[in-house]
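Novice: Residue numbers (our numbering), protein chains in the order written: chain A, 6 to 437; chain B, 4 to 231. Have a look at this one before I ask anything.
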Amino acid sequence: MTLAISALVMGRIAQENYATIQPDWRDLASDTARLYTSGGMDTVMAWARPLQRRGIRIALLENGRNLLMAPLPPPMEENLPQLMRDPEIILHPKPEITLVGMDVTSEDRTLRFLAMRAPPRGMPRFFSPRTQLPMLIEIAVSLLVIGVVSWLIARSMGKPVEQLQRVVRRVAAGDLSARIGAPLAQSQDELGQLARDFDHMANRIESLMERNRWLLRDISHELRSPLARLQLALELGRDEAQPSVQPYFDRASREILRLDELIAEMLALARAEEGAAGMTLEPVDLAELARDRLAEAKMELDNRGLRSSLQAPETLVIEGHPVLLGRALDNLISNAIKFSSKDGEVQIRVAPVSEGVQISVEDRGPGVPESELAQLFSPFYRGSNGLRANGQGLGLAIVERIVQVHGGRCLAANRAGGGLSMTLQLPLKAPV
Amino acid sequence: MRTILIVDDDQELCGLLADYLRREDFEVQLAHDADAALAHFTRDQHPPDLVILDVMMPGKDGLTALRELRQKHQLPVIILSARGDPADRVVGLELGADDYLSKPFLPRELLARVRALLRRGGAGSDEPISIGLLRLQPSERRAWVGDTELKLTGAEYSLLLALARQAGNVVNKAALTEEGLGRPIERFDRSVDVHVSRLRRKLSTASPLAPGIESVRGSGYLMTRPST
């Protein structure tokens, strides 16, 4: 913007400068002739001197004779035949040189006026000694003008841009109802257009998210209702069935619960994605969270005859999404319990590390072949010893997604003494 | 014979569930929307003994129906939901449901919960209990703070009774779930916590001097005896 203005102003200066140099040749011719007839050669020479400083040389001829004492400048001399040809002629032997020849009458004498305009030798046209000082003043003035204009423009744009930025950040942080709105979105300039486009985009995103949310709920409802009916129908049929087919009823009933679990996990994964889109950060005490989640799992641990331990500082607060982080921990603990053999131990460690925190959950189970460690977090991935697990293969994918939206990463490794060690590394503040 | 009202817009499910419960010797009434359900309580006929209520219904949803029902009636209510969102569970319990099951459920599980909520108060003596301003009359399943009678749901009453009998001692959550809801505690089961927080509100609203219920981290709840 400033550049455009300065170019414009510089252009004006150049034009103006050019205009002051570009004389009216006819006036100049008649002035010269009049001065000659009234004052003679010396008057003309004195009058012509300032013109010379502007790069203009003049000559006056009568019947081909040079009336002035000075010889004709070389470009004029060289082009003399052409300059004398027509009653009025302008030549440009070189782009920067203008030659003029014209007849002029004064007190019944017909004279031939010749003039040449060329840049003064050794000096660019604009910086002829005469123009140098006003030129600097002009530049100073124009810089001042540029400064003032830029400041005014910046001030008039600054506020709307600031407003735009605020709304964009709110939407990015998950407040999908934020809009720019009037008066900015009604203004006719480019910023107004941008504001309208942004509001339009935000409308679309909001309705898509809303539709997505409804779709998730509907899918959950629509899939679970027939499962509920199926479960009842099975139970009614079971009463009539012979004892030999009872195991098949049990099996069918278990499969229904599995399908239900799968639906729940897919919903949880979808919600983790959705939660990521509309995540609002709050302080989460990971030490507290780990104590809490482990306490929740106590019953399951006891039922399986497993020991548990937790190493954590008193508090360890990061900025994040407590529900999602709790879910990630639950999944890790469930996984550790699932793969533990009897008399095993589930160990949780929460510790600060450089630029963040680290949570690890370890079991004393069989571990995972090294070649499969990397794929552990893929959805529906089942390791070669996955037969023992009864989850649906989404638990760790959910964990990874949650950790990703917190700007962290998941690592899986085999423990030295056997078993699997899952580590989550989280930054102190999730990126928005 | 005990009467169960099933409220669900899924008519096929209602039919199957009715068959199942009738087989278990229950009288079954059906309603397919919230208003029809509430109408069962305004007629002159014998009101149901327990309600199985679906959350997601067209028109007025189950939670709204529950709120309206609770203004007048304290009978046991089991919420059924296909959403299975833990938040839904808490909201349902907050609004005064006694228990919560998500679809699909094991029919035997539902039956066990229905029976547990209907059985009520069989165990223990019927001797009146009083702790400070709080008085309980187990034979009538009624409770008072001073002269004000508490309006309690079945689960709330059972929890209050369990805590009052052990006043001054910590009662763990598993035992409270058994006593209050007649079923074993599950992982992530917040039912007791929600019921206790409702109980606290009702007690302190009746009188600021009513005995308090303290939560003991990691183990359970404790009714404090007044120091006097």
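Every residue, glycine too, gets a C-beta built ideally from N, C-alpha and C.
1. Taking the CB atoms as reference points, tell me whether Lys63 (chain B) and Leu83 (chain B) lie closer together than 7 Å.
2. At a CB distance below 8 Å, what residues from the segment 50-74 of chain B approach chain A? Give them in sequence order.
3. Sort out for me which residues DSSP pairs Lys499 (chain A) with in a bridge.
4. Does any heavy atom of the ligand NAP sit closer than 6 Å to the C-beta of Leu199 (chain A)?
5. Taking the alpha carbon of Met107 (chain A) as the reference point, which residue from A:Ser35, A:Asp307, A:Arg62 and A:Arg174 has its own alpha carbon closest?
6. Kindly indicate if chain B contains any beta-carbon less than 7 Å away from that of Leu237 (chain A).
7. Let me know the secondary structure DSSP gives Gly183 (chain B) once reduced to three states.
8. Candidates A:Ala159, A:Ala200 and A:Asn208: which alpha carbon is nearest Asp180 (chain A)'s?
9. Run through the segment 92-161 of chain B for me and flag every whole beta strand (DSSP E) of 3 or more residues, listed as ranges in chain order.
10. Run the CB neighbour count on Pro139 (chain A), radius 10 Å, all protein chains shown included, and call it buried at 16 or more, exposed below.
11. Apply the 10 Å Cβ neighbour rule to Met427 (chain A) and answer buried if 16 or more other Cβ atoms are within range, or exposed otherwise.
12. In terms of residues, what are the limits of the beta strand (DSSP E) holding Arg190 (chain B)?
13. Can you find a CB in chain B that lies within less than 7 Å of the CB of Leu392 (chain A)?
14. Provide the residue span of the beta strand (DSSP E) that contains Asn419 (chain A), from first to last.
15. For Trp30 (chain A), count neighbouring C-beta atoms within 10 Å of its own C-beta (all shown protein chains included) and say buried if the count is 16 or more, exposed if not.
16. Thinking C-alpha only, which one of B:Val80, B:Val31 and B:Glu71 is nearest Arg116 (chain B)?
17. Relative to the C-alpha of Asp335 (chain A), which candidate in A:Leu299, A:Glu143 and A:Ala120 has its C-alpha closest?
18. Taking C-beta pairs closer than 8 Å, name the residues in chain B that Ser258 (chain A) reaches, listed in chain order.
19. Assign Glu287 (chain A) to one of three DSSP states: helix, strand, or coil.
20. Express the C-alpha separation of Val408 (chain A) and Ala421 (chain A) in angstroms, rounding to a whole number.
21. Relative to the C-alpha of Pro318 (chain A), which candidate in A:Ile224, A:Ala275 and A:Ala295 has its C-alpha closest?
22. Less than 7 Å between the beta carbons of Arg234 (chain A) and Leu24 (chain B), yes or no?
23. Under the DSSP definition of a beta bridge, which residues are partnered with Tyr224 (chain B)?
24. Between which residues of its own chain and Gly331 (chain A) is the CB-CB distance below 7 Å, once the five residues before and five after are set aside?
25. Against Glu15 (chain B), what residues of chain A qualify as contacts under a CB-to-CB distance less than 8 Å, listed in chain order?
26. At what residues does the beta strand (DSSP E) containing Ser383 (chain A) begin and finish?
27. Is the segment 93-103 of chain A touching the segment 71-79 of chain A, taking contact as three or more C-beta pairs under 8 Å?
28. What residues from chain A crowd round Gly221 (chain B), counting only those whose CB sits closer than 9 Å?
29. Grouping DSSP H, G and I as helix and E and B as strand, with all else coil, what is Arg354 (chain A)?
30. In the segment 190-207 of chain B, which residues sit with their C-beta less than 7 Å from some C-beta in chain A, listed in chain order?
31. Keeping to the same chain, check which residues put their C-beta closer than 6 Å to that of Gln316 (chain A); ignore five residues upstream and five downstream.
32. The alpha helix (DSSP H) that contains Asp47 (chain A), what's its start and end?
33. Going by DSSP, what residue range makes up the beta strand (DSSP E) through Leu315 (chain A)?
34. Between Arg229 (chain A) and chain B, is there a C-beta pair that is closer than 7 Å?
35. Of the choices A:Ser339, A:Pro436 and A:Val173, whose alpha-carbon is the least far from that of Ala200 (chain A)?
36. CA-CA distance, Arg58 (chain A) and Ala190 (chain A)?
Specialist: From the atom records:
1. Within the second sequence, numbered from 1, the residue matching residue 63 (chain B) stands at position 60. Within the second sequence, numbered from 1, the residue matching residue 83 (chain B) stands at position 80. No, these two residues do not count as a Cβ contact at 7 Å.
2. Residues Met59.
3. Examination of residue 499 (chain A) is not possible in this model, given that chain A is present from 6 through 437 alone.
4. Annotation note on the ligand NAP: not contained in the displayed structure, which lists no ligands.
5. Taking the first sequence and counting its residues from 1, the one referred to as residue 107 (chain A) is at position 102. The residue with the shortest Cα to Cα distance from Met107 (chain A) is A:Ser35.
6. The sequence position of residue 237 (chain A) within the first sequence is 232, counting from 1. At least one CB of chain B lies nearer than 7 Å to the CB of Leu237 (chain A).
7. Here residue 183 (chain B) refers to the residue found at position 180 when the second sequence is read from its first residue. Helix.
8. Position 175 of the first sequence, counted from the first residue, corresponds to residue 180 (chain A). The residue with the shortest Cα to Cα distance from Asp180 (chain A) is A:Asn208.
9. Taking only runs of at least 3 residues, the beta strand (DSSP E) segments lying wholly in the segment 92-161 of chain B are 102-105, 132-134, 137-140 and 145-148.
10. The sequence position of residue 139 (chain A) within the first sequence is 134, counting from 1. When all chains shown are included, Pro139 (chain A) counts as exposed.
11. The residue labelled residue 427 (chain A) in the question sits at position 422 within the first sequence. Counting C-beta atoms within 10 angstroms of its own C-beta, Met427 (chain A) has 16 or more neighbours from the protein chains shown and is therefore classed as buried.
12. Indexing the second sequence from 1 puts residue 190 (chain B) at position 187. From DSSP, Arg190 (chain B) is part of no beta strand (DSSP E); its letter is neither H nor E.
13. Counting from one through the first sequence, the residue named residue 392 (chain A) turns up at place 387. Only weak support exists for where Leu392 (chain A) lies, its pLDDT of 44 falling under 50; the value from the coordinates is given anyway. So no, Leu392 (chain A) is outside the interface.
14. In the first sequence, residue 419 (chain A) corresponds to position 414, counting from 1. Residues Arg414 to Asn419.
15. Numbered from 1 along the first sequence, position 25 holds the residue referred to as residue 30 (chain A). Result: buried.
16. If you number the second sequence from 1, residue 116 (chain B) lands on position 113. Measuring from the Cα of Arg116 (chain B), the nearest candidate turns out to be B:Val80.
17. Translated into the one-based positions of the first sequence, residue 335 (chain A) becomes position 330. Comparing Cα-Cα distances from Asp335 (chain A) to each of A:Leu299, A:Glu143 and A:Ala120, the minimum goes to A:Leu299.
18. For the purposes of this step, residue 258 (chain A) is taken as the residue at position 253 of the first sequence. Proximity of chain B to Ser258 (chain A) at the Cβ level (cut-off 8 Å) is accounted for by Leu109, in chain order.
19. By 1-based counting over the first sequence, the position of residue 287 (chain A) is 282. Three-state result, Glu287 (chain A): strand.
20. By 1-based counting over the first sequence, the position of residue 421 (chain A) is 416. By 1-based counting over the first sequence, the position of residue 408 (chain A) is 403. Near 25 Å, if we compare the C-alpha coordinates of Val408 (chain A) and Ala421 (chain A).
21. For the purposes of this step, residue 318 (chain A) is taken as the residue at position 313 of the first sequence. The option with the nearest alpha carbon to Pro318 (chain A) is A:Ala295.
22. Counting from one through the first sequence, the residue named residue 234 (chain A) turns up at place 229. Counting from one through the second sequence, the residue named residue 24 (chain B) turns up at place 21. Going by C-beta atoms, Arg234 (chain A) is not nearer than 7 Å to Leu24 (chain B).
23. By 1-based counting over the second sequence, the position of residue 224 (chain B) is 221. DSSP lists B:Val174 and B:Ser218 as partners of Tyr224 (chain B).
24. Counted from its first residue, the first sequence places residue 331 (chain A) at position 326. These residues qualify, in order along the chain: Leu294 and Arg298.
25. Taking the first residue of the second sequence as position 1, residue 15 (chain B) is located at position 12. Arg234, listed in chain order.
26. As a working note, residue 383 (chain A) is residue 378 in the first sequence. According to the DSSP assignment, Ser383 (chain A) belongs to no beta strand (DSSP E), since it is labelled neither H nor E.
27. Segments in contact, no.
28. What you label residue 221 (chain B) is simply residue 218 of the second sequence in a count that begins at 1. Those within 9 Å of Gly221 (chain B) in chain A are Arg296, Ala300 and Lys303.
29. As a working mapping, residue 354 (chain A) is identified with position 349 in the first sequence. In the three-state reduction of the DSSP assignment, Arg354 (chain A) falls in the strand class, which pools E and B.
30. Arg190 and Phe191
31. The sequence position of residue 316 (chain A) within the first sequence is 311, counting from 1. Taking Gln316 (chain A) as the centre and dropping the five residues before and after it, the same chain places the C-beta of Arg354 closer than 6 Å to its C-beta, in chain order.
32. Stepping through the first sequence from its first residue, residue 47 (chain A) is reached at position 42. From DSSP, the alpha helix (DSSP H) with Asp47 (chain A) extends over Met46 to Arg58.
33. Walking along the first sequence from the start, residue 315 (chain A) turns up at place 310. Leu315 (chain A): member of the beta strand (DSSP E) spanning Arg312 to Gln316, first to last residue.
34. Within the first sequence, numbered from 1, the residue matching residue 229 (chain A) stands at position 224. Arg229 (chain A) counts as touching chain B.
35. Along the first sequence, one-based indexing puts residue 200 (chain A) at 195. Nearest to Ala200 (chain A) by alpha-carbon distance, out of A:Ser339, A:Pro436 and A:Val173, is A:Val173.
36. Position 53 of the first sequence, counted from the start, is the residue given in the question as residue 58 (chain A). Position 185 of the first sequence, counted from the start, is the residue given in the question as residue 190 (chain A). Each residue's Cα considered, the two are about 58 Å apart.
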